[in-house]
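Below: one structure, written as structure tokens.
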Amino acid sequence: MFYTLRAGSNSPNDGKNREKILAILEVIILVFITTFIPSLIKLGRPPTS
Numbered sequence: 011m012f013y014t015l016r017a018g019s020n021s022p023n024d025g026k027n028r029e030k031i032l033a034i035l036e037v038i039i040l041v042f043i044t045t046f047i048p049s050l051i052k053l054g055r056p057p058t059s
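Add 10 to the 1-based position in the sequence shown for the working numbering, that's all there is to it.
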């Protein structure tokens, strides 16, 4: 989603690596959201950090 905007004018190899890193970050964020929000709903309140 975001890697096309952030690729910039680097070499193709850097662009490929950045695409991989951002894709992994997007997956991690999605997994975190899908696991963290339901746990908040089960608790009924946000945890005190």
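The beta-carbon is built from N, C-alpha and C at its ideal position, and this holds for glycine as well.
- Cα atoms of E29 and I38: separation of roughly 14 Å, rounded to the nearest angstrom.
- G25 sits in a helix when the DSSP states are folded into three classes.
- Counting only the Cα atoms, F42 lies some 16 Å from L53.
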